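If you read the protein sequences in the order shown, they are chains B and D. Residue numbers for the first sequence follow the working numbering, so the first one is 367 and each next one is one higher. Residue numbers for the second sequence follow the working numbering, so the first one is 6 and each next one is one higher. These notes concern the structure reproduced below.
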Amino acid sequence: GDGGPSTLTSWSSIPEPNYDDDYKNKTKMNLFTAINSAMQTALETDPSTIVFGEDVGFGGVFRCSTGLRDQFGQDRVFNTPLSETGIAGFAIGYAAQGGTAVAEIQFADYIFPALDQIMNEMAKFRYRSGNQWHCGGVTVRTPCGAVGHGGHYHSQSPEAYLAHTPGLVVVIPRGPRTAKGLLLSSIRSKDPVIFMEPKALYRAAVEDVPDDDYMIPLGKAEIMCSGTDCTVVGWGGQLRVLEKACDMALAEHGISCELIDLRTILPWDVDCVLGSVAKTGKLVVSHEAPITCGFGAEVVATVQEHSFLSLEAPIQRVCGYDTPFPLVFEKYYIPDELKNLDAIKRIVDYAK
Amino acid sequence: MFAATALARTAARRAATATPMRLGALRAMSSETATFDLTGSFEMYNIDTAPDNSIEMSKEELMKHFELMYTMRRMEITCDNEYKAKNIRGFCHLYDGQEAVATGINAAFDPADDWITSYRCHCIALLRGGTVKEIVGELFGLTCGMSQAKGGSMHFYNKAGHFWGGAGIVGAQVPLGTGLAFANKYNAKPGEPMNVAIACYGDGAANQGQIWESANMASLWKLPMIFCIENNQYGMGTSIDRHSSHSDYYKMGNHIPGIRIDGMNVLAVKKGMEFVREFTSTGNGPMYVEMMTYRYHGHSMSDPGTTYRNREEIAFTRSTRDPLEFVKKTMIDAGFATAEEIKNIEKRIRKEVQKEVLAAKEYPKPSLDSLFTHVYAADVETKGNQEYPDHIRMPDFAKSFWKSA
């Protein structure tokens with residue numbers, strides 16, 4: 367609404383794709399194939415597109431760039447040395463000259479050396495130049511999240527650090543179908559996007575994905591299933607966990623949950639969540655990253671500010687603990703479906 | 006370098022016979038010590054002096070190096086087998102092929118010198134106060150592990166051994182190492198030689214900007230710092246030609262003196278590192294060291310290591326430059342041991358390594374309390390809004406966690 371808290375990019379006006387009517391030709395794809403398809407489309411439709419990062423040439427450590435070098439040539443799909451700061455800075459420069467740069471940071475855990483470039487240069491590029499230039503052509507793709515054996519440095523989810531940076535757009539798909547559409551929007555966005563890919567889903571998630579070129583709006587959340595008793599909010603790989611929790615809540619306790627995938631973390635679709643909480647009066651937010659100062663805190667603070675009187679119970683955050691991501695204790699650490707079910711039940715009982 | 010080895014063998018054999026022959030610097034001093042030729046093992050950069058072209062070594066010492074290196078080799082091969090048996094999971098980066106580098110550096114070093122390295126750290130952990138049981142135990146995720154199973158393969162640390170790990174982020178160990186060197190200089194008594202610090206990293210890491218930043222500081226403040234590039238020709242799956250515009254890594258310090266050493270020859274590594282240590286610990290500032298070496302395994306256990314290099318190359322290196330075979334031949338030619346004696350030593354070490362592995366497997370998994378320990382110093386652990394729950398419910402309720410009283 368007018369003067370409301372939500373801030374949407376121009377890419378929010380892209381219509382949601384109608385998968386059944388408009389995209390009849392679909393292929394079963396997993397996450398890395400869907401991402402590959404999006405990059406292929408981007409390379410085909412925009413001749414200034416380049417794809418680069420560590421090991422992307424042979425296809426990448428997760429196979430997302432398979433076949434691209436053969437198809438589009440070494441000038442457009444190439445390896446960089448092991449230099450994250452260099453990769454990020456170089457992407458900004460190329461984009462500032464009008465090009466489309468799809469940079470890969472091999473694991474989100476390695477993004478930290480690049481944060482100076484991302485936060486101080488990329489995010490402020492348009493603002494500081496008084497709109498003379500921008501680096502919207504940058505998309506930084508990076509695998510994130512727990513994978514079962516990643517330990518301290520191959521499991522992190524750094525969305526909270528990135529979301530704390532005005533000027534960036536932070537996007538995270540929950541599966542192959544959302545990945546292809548969101549990645550194409552991200553690549554074509556006039557703002558720099560950090561595109562986080564839940565690595566545990568690269569092979570595990572399989573969906574029917576349209577063969578054609580399609581885009582999903584940025585800055586808009588998606589209500590995955592409607593409900594009346596409790597709003598549950600998540601993003602990325604966590605949605606699989608939350609779907610299980612919501613199914614259990616319904617089957618075992620008759621609790622009807624409304625499950626929301628934020629899809630874009632920054633800027634996030636405040637109106638969608640507020641609208642849902644107005645209906646249910648209860649909210650659970652869940653993410654893998656540590657609870658203190660995780661992005662869930664932002665959601666909770668905003669919701670209580672604007673929907674205080676709609677709330678019937680304290681908002682619950684079900685997140686990782688405040689420790690470095692552990693190695694052998696991973697399955698205790700992560701916010702699994704049981705912990706989320708407990709939280710849903712707790713606030714439904716509270717509100718009775 | 007290969008010609009020099011052959012020369013050493015021939016000369017040592019001749020010297021061991023009754024008729025003394027004058028062959029340059031080569032002579033057997035007694036049956037327990039020999040001198041070995043190192044011509045061609047070193048290339049120098051921006052420095053007028055160089056290590057001697059020969060090294061004297063006793064039978065005891067060379068035997069010790071062999072036993073250490075063979076233990077390392079068996080340990081790494083055991084890790085490979087255990088990984089395939091799924092007893093080790095996650096990341097595992099093996100060091101076989103590079104044993105001479107770590108052994109030679111340690112032989113030249115003082116136990117109080119500080120050492121920090123990359124994720125390919127099992128063998129250095131062994132040298133610096135570790136046991137096979139502690140290392141394998143950590144990989145198994147059991148309480149006998151060196152880091153109490155908190156870190157796994159990439160995160161071995163040993164305070165008493167001045168071993169600072171073990172790093173997961175490529176290149177991050179180098180600024181840290183520079184800080185260690187600074188502390189050594191700061192804490193040294195005036196006029197006394199300083200303990201040095203060495204940061205080992207790979208050719209792939211060598212282009213990280215933070216390394217240049219550290220080198221500048223080390224040079225500016227004349228720190229007792231050694232930048233050691235273990236050049237095994239590949240950064241993960243990318244050869245040096247394809248990731249480095251300039252691959253004379255020992256020259257990468259610009260004005261900082263450098264040395265390139267044949268990293269497959271433990272004698273050369275020791276001699277070279279003695280020289281480097283002498284230089285850096287006496288206030289001359291840092292040095293760059295490039296070890297020419299090779300790894301037989303791929304980058305990690307999930308990399309077969311044959312998609313970016315061919316099997317002939319691996320086999321050729323194994324048959325002509327293997328660091329263990331070199332030491333064996335050297336010992337036999339110098340009359341230090343017979344092939345039979347060496348075989349018995351190998352058998353003994355194989356058994357010892359197996360024993361350590363079995364001993365490690367007896368230990369339990371760590372208790373869940375350790376998930377929450379040591380995030381901060383003890384008296385800060387429960388401040389603020391940090392969440393350390395008393396109870397975590399698991400799908401199998403019997404496996405749930407309740408905080409110990």
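Yeah, the Cβ is synthetic: ideal placement off N, Cα and C, and Gly gets one too. Quantities reported herein were computed from a predicted structural model and do not represent experimental measurements.
Where residue i sits in the DSSP three-state scheme
{"i": "L228 of chain D", "result": "coil"}
{"i": "D436 of chain B", "result": "helix"}
{"i": "N706 of chain B", "result": "helix"}
{"i": "P690 of chain B", "result": "coil"}
{"i": "F424 of chain B", "result": "coil"}
{"i": "I380 of chain B", "result": "coil"}
{"i": "R316 of chain D", "result": "helix"}
{"i": "H520 of chain B", "result": "coil"}
{"i": "L31 of chain D", "result": "For L31 of chain D, the pLDDT reaches just 44, beneath the cut-off of 50, and the residue's location in the model is therefore unreliable, leaving the point undetermined."}
{"i": "D119 of chain D", "result": "strand"}
{"i": "H379 of chain D", "result": "coil"}
{"i": "M26 of chain D", "result": "Since pLDDT at M26 of chain D reaches only 37, below the 50 mark, its modelled position is unreliable, and the value read off the structure follows with that caveat. DSSP places M26 of chain D in coil when its eight states are reduced to three."}
{"i": "T466 of chain B", "result": "strand"}
{"i": "M614 of chain B", "result": "helix"}
{"i": "R683 of chain B", "result": "strand"}
{"i": "R543 of chain B", "result": "helix"}
{"i": "A400 of chain B", "result": "helix"}
{"i": "V598 of chain B", "result": "strand"}
{"i": "T505 of chain B", "result": "strand"}
{"i": "W634 of chain B", "result": "coil"}
{"i": "K408 of chain D", "result": "coil"}
{"i": "I700 of chain B", "result": "coil"}
{"i": "C659 of chain B", "result": "coil"}
{"i": "K275 of chain D", "result": "helix"}
{"i": "E197 of chain D", "result": "coil"}
{"i": "S252 of chain D", "result": "coil"}
{"i": "S495 of chain B", "result": "coil"}
{"i": "A202 of chain D", "result": "strand"}
Residue of the options minimising C-alpha distance to residue i
{"i": "G214 of chain D", "options": "B:W499, B:Q463, B:L409, B:P447", "result": "B:P447"}
{"i": "R540 of chain B", "options": "B:C638, B:E624, B:T630", "result": "B:T630"}
{"i": "P371 of chain D", "options": "B:P656, B:H520, B:V694, B:I380", "result": "B:V694"}
{"i": "V422 of chain B", "options": "B:M405, B:P413, B:E410, B:T411", "result": "B:M405"}
{"i": "G620 of chain B", "options": "B:F444, B:C612, B:M395", "result": "B:C612"}
{"i": "K69 of chain D", "options": "D:A403, D:A364, D:A342", "result": "D:A342"}
{"i": "M159 of chain D", "options": "D:L185, D:I129, D:T183, D:G182", "result": "D:I129"}
{"i": "Q682 of chain B", "options": "B:I700, B:P690, B:P524, B:I657", "result": "B:I657"}
{"i": "K89 of chain D", "options": "D:A339, D:M306, D:T325", "result": "D:M306"}
{"i": "S249 of chain D", "options": "B:F424, B:K394, B:S449", "result": "B:S449"}
{"i": "L397 of chain B", "options": "B:A679, B:A571, B:K718", "result": "B:A571"}
{"i": "L625 of chain B", "options": "B:R543, B:A617, B:T597, B:A615", "result": "B:T597"}
Supposed contact pair residue j and residue i - C-beta distance, whole angstroms, cut 8 Å
{"i": "I380 of chain B", "j": "L549 of chain B", "result": "Actually they are not in contact, since the Cβ atoms of I380 of chain B and L549 of chain B sit about 13 Å apart, beyond 8 Å."}
{"i": "G263 of chain D", "j": "M292 of chain D", "result": "6 Å"}
{"i": "G102 of chain D", "j": "T298 of chain D", "result": "7 Å"}
{"i": "S555 of chain B", "j": "G502 of chain B", "result": "6 Å"}
The ligand COA heavy atom lying under 8 Å from the CB of residue i
{"i": "S158 of chain D", "result": "As for the ligand COA, it is missing from this structure, which has no ligand bound."}
query = Do the stretch 595-613 of chain B and the stretch 555-567 of chain B make contact, defined as three or more Cβ pairs closer than 8 Å?
reply = yes
**Message:** What are the residues in the stretch 194-214 of chain D lying within 8 Å of chain B by C-beta distance?
**Reply:** G209, A210, N212, Q213, G214
query = Would the stretch 568-586 of chain B and the stretch 389-399 of chain B be scored as touching if the rule is three or more Cβ pairs under 8 Å?
reply = Segments in contact, yes.
Give a yes or no on contact between the stretch 449-460 of chain B and the stretch 468-483 of chain B, applying the rule of three or more CB pairs nearer than 8 Å.
yes
query = According to a CB-to-CB cut-off of less than 9 Å, which residues of the stretch 416-445 of chain B neighbour chain D?
reply = E420, D421, G423, F424, V427, N445
Where the stretch 694-708 of chain B meets chain D: residues whose CB sits under 9 Å from a CB there
Per Cβ criterion, the list reads V694, F695, K697, Y698, Y699, D702, E703, L704, K705, D708.
### Touching by the beta-carbon criterion (3+ pairs, under 8 Å), the stretch 113-133 of chain D and the stretch 316-333 of chain D
no
| query | Between the stretch 242-255 of chain D and chain B, which residues of the former have CB atoms less than 9 Å from a CB of the latter, in chain order? | reply | Under the 9 Å Cβ criterion, the stretch 242-255 of chain D contributes G242, T243, R247, H248, S249, S250.
* To do: Using a Cβ-Cβ cut-off of less than 9 Å, give me the residues of the stretch 92-112 of chain D that come near chain B, in sequence order.
  => Closer than 9 Å at the C-beta level to chain B, one finds these residues of the stretch 92-112 of chain D: R94, G95, F96.
What are the residues of the stretch 444-467 of chain B that lie near chain D, defined by any Cβ-Cβ distance shorter than 9 Å?
-> N445, T446, P447, L448, S449, E450, T451, G452
**OP:** Evaluate the contact criterion for the stretch 233-252 of chain D versus the stretch 284-304 of chain D: three or more CB pairs, one atom per stretch, below 8 Å.
**Re:** yes
Practice task
Pair every Cβ in the stretch 696-712 of chain B with every Cβ in the stretch 391-403 of chain D, then say whether three or more of these pairs are closer than 8 Å.
Solution key: yes
| Taking any Cβ of chain D, which residues in the stretch 679-693 of chain B have a Cβ under 7 Å from it, in chain order? | Y687, D688, T689, P692, L693
Quick one: any contact between the stretch 135-151 of chain D and the stretch 358-377 of chain D, if contact means 3 or more CB pairs under 8 Å? yes
ask   = Between the stretch 272-283 of chain D and the stretch 185-192 of chain D, are three or more C-beta pairs nearer than 8 Å?
value = no
Check your understanding: If you measure beta-carbon to beta-carbon, which residues of the stretch 167-183 of chain D are closer than 7 Å to chain B?
Key -> G173, I174, V175
### Message
Output needed in chain order: residues of the stretch 503-532 of chain B with a Cβ under 9 Å from some Cβ in chain D.
### Response
G514, H515, G516, G517, H518, Y519, H520
- Compile a chain-ordered list of the residues in the stretch 146-161 of chain D whose CB is closer than 8 Å to at least one CB of chain B. Flagged, chain order: G146, A154, K155, G156, G157, M159, H160.
| query | Are the stretch 671-689 of chain B and the stretch 707-716 of chain B touching, with three or more C-beta to C-beta distances below 8 Å? | reply | Yes: the two stretches touch, three or more of their Cβ pairs being nearer than 8 Å.
- Task: Output, in sequence order along the chain, the residues in the stretch 288-315 of chain D whose CB is closer than 7 Å to any CB in chain B.
- Result: none
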